[in-house]
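Add 58 to a position in the sequence shown, counting from 1, and you land on the number used in my numbering. Just so you know, even glycine gets a beta-carbon here, dropped at the ideal spot from N, CA and C.
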Amino acid sequence: MKTTKERLATAIHTSLNETLSFYKTSLTGLTEEQVEKNRDLYGENTITKGQEDSILKKIYESIINPFTIILLVIAVISLVTNVWLAKPGQEDPTTSIIIVVLVLISGGIRFVQELRSDKAATNLSKMIVNTATVIRQGEIQEVPIDDLVVGDVVKLSAGDMIPADLLLFESRDFFVQQSGLTGESESVEKLALTKATVQQSDSLVEAEALAFMGTNVLSGSAKAVVLAVGDDTMMGAIEQTLNTYDEPTSFEREMNSISWLLIRLMLVMVPIVFLSNGLTDGDWLEAGVFALSVGVGLTPEMLPMIITASLAKGSIIMAKEKVVIKKLNAIQDLGAIDILCTDKTGTLTQDEIVLEYPLDIHGRLDLTVLRRAYLNSYFQTGLKNLMDRAIIKRTEKEAKEHALLQNLAQTFQKIDELPFDFERRRMSVIVKDEHEVVSLVTKGALEEMLTISSYAEYQGVITPLTDVIREEILSEVRQLNQQGLRVLGVAYKSGLREGHAYTVDDEGDMILTGYLAFLDPPKPSAAPAIKALLEHGVQTKILTGDNEKVTQAVCEKVGLDINQMLLGSEIDQMSDQELAQAVEEVTVFAKLSPDQKARIILQFKANGHAVGYMGDGINDAPSMKVSDVGISVDTAVDIAKETADVILLDKDLMVLEKGLVEGRKVYANMTKYIKMTVSSNFGNILSLLVSGIFLPFLPMAPVHLIILNLVYDLSCIALPFDKVDKDFLRNPHTWEAKSITRFMIWMGPISSAFDILTFILLYFIIVPMTTGQAYVHGAESAVGFIVLFQTGWFIESMWSQTMVIHMLRSAKIPFLQSRPAWLVLVTTLLAAAFVTFLPYSPLASLLHLTPLKPIYFIFLLFIIILYMISVTIVKKIYINKYKEWL
59 MKTTKERLAT
69 AIHTSLNETL
79 SFYKTSLTGL
89 TEEQVEKNRD
99 LYGENTITKG
109 QEDSILKKIY
119 ESIINPFTII
129 LLVIAVISLV
139 TNVWLAKPGQ
149 EDPTTSIIIV
159 VLVLISGGIR
169 FVQELRSDKA
179 ATNLSKMIVN
189 TATVIRQGEI
199 QEVPIDDLVV
209 GDVVKLSAGD
219 MIPADLLLFE
229 SRDFFVQQSG
239 LTGESESVEK
249 LALTKATVQQ
259 SDSLVEAEAL
269 AFMGTNVLSG
279 SAKAVVLAVG
289 DDTMMGAIEQ
299 TLNTYDEPTS
309 FEREMNSISW
319 LLIRLMLVMV
329 PIVFLSNGLT
339 DGDWLEAGVF
349 ALSVGVGLTP
359 EMLPMIITAS
369 LAKGSIIMAK
379 EKVVIKKLNA
389 IQDLGAIDIL
399 CTDKTGTLTQ
409 DEIVLEYPLD
419 IHGRLDLTVL
429 RRAYLNSYFQ
439 TGLKNLMDRA
449 IIKRTEKEAK
459 EHALLQNLAQ
469 TFQKIDELPF
479 DFERRRMSVI
489 VKDEHEVVSL
499 VTKGALEEML
509 TISSYAEYQG
519 VITPLTDVIR
529 EEILSEVRQL
539 NQQGLRVLGV
549 AYKSGLREGH
559 AYTVDDEGDM
569 ILTGYLAFLD
579 PPKPSAAPAI
589 KALLEHGVQT
599 KILTGDNEKV
609 TQAVCEKVGL
619 DINQMLLGSE
629 IDQMSDQELA
639 QAVEEVTVFA
649 KLSPDQKARI
659 ILQFKANGHA
669 VGYMGDGIND
679 APSMKVSDVG
689 ISVDTAVDIA
699 KETADVILLD
709 KDLMVLEKGL
719 VEGRKVYANM
729 TKYIKMTVSS
739 NFGNILSLLV
749 SGIFLPFLPM
759 APVHLIILNL
769 VYDLSCIALP
779 FDKVDKDFLR
789 NPHTWEAKSI
799 TRFMIWMGPI
809 SSAFDILTFI
819 LLYFIIVPMT
829 TGQAYVHGAE
839 SAVGFIVLFQ
849 TGWFIESMWS
859 QTMVIHMLRS
869 AKIPFLQSRP
879 AWLVLVTTLL
889 AAAFVTFLPY
899 SPLASLLHLT
909 PLKPIYFIFL
919 LFIIILYMIS
929 VTIVKKIYIN
939 KYKEWL
């Protein structure tokens, strides 16, 4: 069998009939039997997205990371020193075994959670199904793109994504955007095989009669036969041969900066701990092991799992709200936006346009205008928009009572068409009636219709379009616009030739017959939704290509401030500095081109805003691409859905408000873990530095540090499910490494101060009371003294770390003003109970722990209460100073 390139090259140099014959197809499409044969012969229309990682590789990646490598290094060092170099009979592999077991448990939890998250994301993505229009056995069908096979005949129009590699055999003003393949941003015109020039270049992408999977139709219409599907397409070949990497999102970049902050902190603190303990005890090997344990304890190795769990939870909750999060990180980005840019139609309005009035140029009802508009909308093969459907629906309704509108589809025959494009802002059809009269009928934006019309039906007579008549028309249209009605013009000319090859140049010297007034009523939920978004710190900005009068009428009804409006023509005259100021002051931008929309969004971002863009049209794709979060709907055109990060199954702004809240919950709970863990561990490091200077032994064994770190992290697994204060959800938040550093410097020393208080109580009071004597270096009692001391700090560390979670998780007073989720309460209590129980368990001797007398717990309770009071006081000072907490 020929390669795909050879088959494509052959197709553009042979006749259409030969190609159709080769693929066992025809212009009426494949039979169902041939569909299955071609699928077996040429394959499925799905692209293999690289080889999926095996389970073993996923397990490896879950366990092995820079932090667990340090743990495993400690295990190896411990194995060497405590087993291989130990004296006969004194071998003790306990520490190494415990470290390896803890690494496996930590990695196992991460593996299971990420596997579940991958499955959830996959299931959500499956909810988005793109379709193609295919002709099979002479019937037009809508089928999922994956169901296409080689030999299928497809119809394409503006807004479609090219579903496979195709050979065009019919085309009309067919322009595609294929920058994904070529890197060229300019659109390219594609032509039917019979019209295309002979291919001179070796690059098939430049062939005029070929269109390729993944590119998208900007304007025009075409019919084509599928030549290659799935991995055999040009896009499939690129996917298989190149390693492509996504650019990191802002969220990923911020997380990377936080990770490096933690690593730098570790690289500074580990050598200090190593030197202080080595100089104090003289046992450099033990000091090295302990310093490495400190480094691991300082770093929140559960952070990736906490992040994944939080994002997956938010995405699954939004799925229940009929929102598909295509990328997990998008839920956090959605919560961070403070500007929501949206088109007017379908978001503020009901997206159910009704044709209110077919009018002559004097503003009087005229069914002749409706008749011509129907011919234009019914016979065009491009993307039938809401207004086309409204025209057809109104005509069918009126036809029941008016003979003028009956049997139009049978009375007229379509000759040709000039499809809609965004430059002309109009479209035309050429039709022939029962009397063989050929007419060109055009509808489009009124301004454009006036430029191509030389005549008007004025008071029932075809009259030259004078300035006086033009002003009368514009005045009438302005009045309609002020009522919130959108107006399209309708023009025609008759007596044309049937065999003529029509082009846009024929749209001239037209007769303006009247206009169509459409109403798109505001949604009942639009006003409360905009208010709800504003209450959550998000401004709604309207970016529309619509008429400013219509836009103003709708915006007034939904309560948007429109004291100032900016038009696309005015934006073109502005410098970036002028636009930077204007976008902050203006709420509504009208008559915008796609490029102007994208420029406004980029300016918002340059001003420091996080921006979401909601749209569903072809012209919205550039805006969604450049925004922080692209939002679309399941009824959007294919390119809009592919570009979006978030898909709404219910086109309602109130759903977005819920998405904002979930995104902010995700941010809050991830921030809790990072700030709590870093500040707590930083305090522990300070405590170890002080103890290294003043204590003649290590205050805690390396294995104790590792157990504490793991148990604490396990207790934090519930944080993605924690409650978040309503006050916190009212404003957007972004990650800042300096905020974490500041939090750590303020809160860490507090825990360190109470650790030192615990050291003093243990060293001078509690342990001597229990053993009956003070610490004497080298004495037989020294070992018991050290074990008792280390056990005391081991328990105090866990109590303080878990209890302070409740102090730090909210800016409010815990339990009284802000209650945690029951799961957070249970996990923290279980963690404290587990560590408290270990000295009394059969594992005590293996872990070098010993039971403590009841008096210790009285002192411990006193210390914890003082600690919590101190944290509350410092928290209040911190909030007053920095006006933030999490």
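Name the residue from the options whose alpha carbon lies nearest to the alpha carbon of residue i.
i: Q639; options: A664, A648, Q654, S651; result: A664
i: S690; options: I705, Q859, I824, T860; result: I705
i: G850; options: T828, A837, T860; result: T828
i: V397; options: P826, G688, T366; result: Correcting the residue identity first, residue 397 is Ile in this sequence and not Val. For the residues P826, G688, T366, the minimum Cα distance to I397 belongs to G688.
i: R322; options: A795, H667, A388, R194; result: A795
i: F390; options: I527, K939, T366; result: Checking the displayed sequence, the identity of residue 390 turns out to be Gln instead of Phe. Taking only the C-alpha atoms, the option nearest Q390 is T366.
i: V161; options: L130, G217, D446; result: L130
i: E266; options: G294, A254, G272; result: A254
i: K50; options: T89, S928, S651, L866; result: The displayed coordinates of the chain run from 59 to 944. Any statement about residue 50 would go beyond what the structure contains.
i: I743; options: H906, D771, G806, D783; result: G806
i: T407; options: K655, K699, V608; result: V608
i: K699; options: Y731, P582, M672; result: M672
i: L508; options: T191, L532, G518, R788; result: L532
i: N96; options: A702, Y81, Y432; result: Y81
Starting from residue i, follow the alpha helix (DSSP H) in both directions and report where the run begins and ends.
i: L618; result: Per DSSP, L618 belongs to no alpha helix (DSSP H) and is neither H nor E.
i: N472; result: In the sequence on display, residue 472 carries Lys and not Asn. Premise fails: K472 lies in the beta strand (DSSP E), 471-479, not in any alpha helix (DSSP H).
i: R430; result: 425-437
i: G741; result: 711-752
i: M445; result: 444-456
i: V201; result: It is not in any alpha helix (DSSP H) - V201 instead sits in the beta strand (DSSP E) that spans 197-202.
i: E949; result: Here the chain covers residues 59 to 944 and nothing more, so residue 949 does not appear.
i: A503; result: Unbroken run through A503 is the beta strand (DSSP E), 496-503; no alpha helix (DSSP H).
Are the Cβ atoms of residue i and residue j separated by less than 8 Å?
i: F227; j: V263; result: no
i: L504; j: S486; result: no
i: N413; j: L570; result: For the record, residue 413 in the displayed sequence is Leu; it is not Asn. For L413 and L570, no; Cβs fall outside 8 Å.
i: T860; j: T886; result: yes
i: I450; j: I473; result: no
i: L268; j: L214; result: no
i: G542; j: V646; result: no
i: A585; j: G617; result: yes
i: S681; j: G741; result: no
i: V862; j: S738; result: yes
i: V545; j: N539; result: yes
i: V208; j: Y118; result: no
i: F892; j: V769; result: yes
i: M802; j: V845; result: no
i: A879; j: D783; result: no
With respect to the beta strand (DSSP E) encompassing residue i, which residues constitute its N-terminal and C-terminal limits?
i: M485; result: 484-490
i: A190; result: 189-194
i: N274; result: 274-286
i: K599; result: 597-601
i: Y415; result: 412-417
i: F892; result: Segment 880-895 is the alpha helix (DSSP H) holding F892; no beta strand (DSSP E) there.
i: Q235; result: 223-235
i: L398; result: 397-400
So residue i and residue j are supposed to be a Cβ contact under 8 Å. How far apart are they, rounded?
i: I922; j: W857; result: 6 Å
i: S685; j: I659; result: 5 Å
i: V382; j: G717; result: Not really, about 11 Å apart at Cβ, beyond 8 Å.
i: V825; j: F847; result: 5 Å
i: Q661; j: L637; result: 5 Å
i: E715; j: A587; result: 6 Å
i: V724; j: L369; result: 6 Å
i: T89; j: Q199; result: At roughly 13 Å, the Cβ-Cβ gap does not stay under 8 Å, so T89 and Q199 are not in contact.
i: R65; j: L251; result: In fact, because the Cβ distance is near 14 Å, the residues do not count as touching under 8 Å.
>> If we require 4 or more residues per run, which alpha helix (DSSP H) segments fall completely within the stretch 808-860?
In response: 825-829
> Can you give, in chain order, each stretch of the beta strand (DSSP E) that sits fully within the stretch 604-690 and has at least 3 residues?
Replying inline: 623-625, 646-648, 669-672
>> For a minimum of 4 consecutive residues, which ranges assigned as the alpha helix (DSSP H) are wholly contained in the stretch 775-807?
In response: 784-787
> For the stretch 523-576, which segments carrying the alpha helix (DSSP H) assignment without a break, of at least 4 residues, lie completely within its bounds, in sequence order?
Replying inline: 525-540
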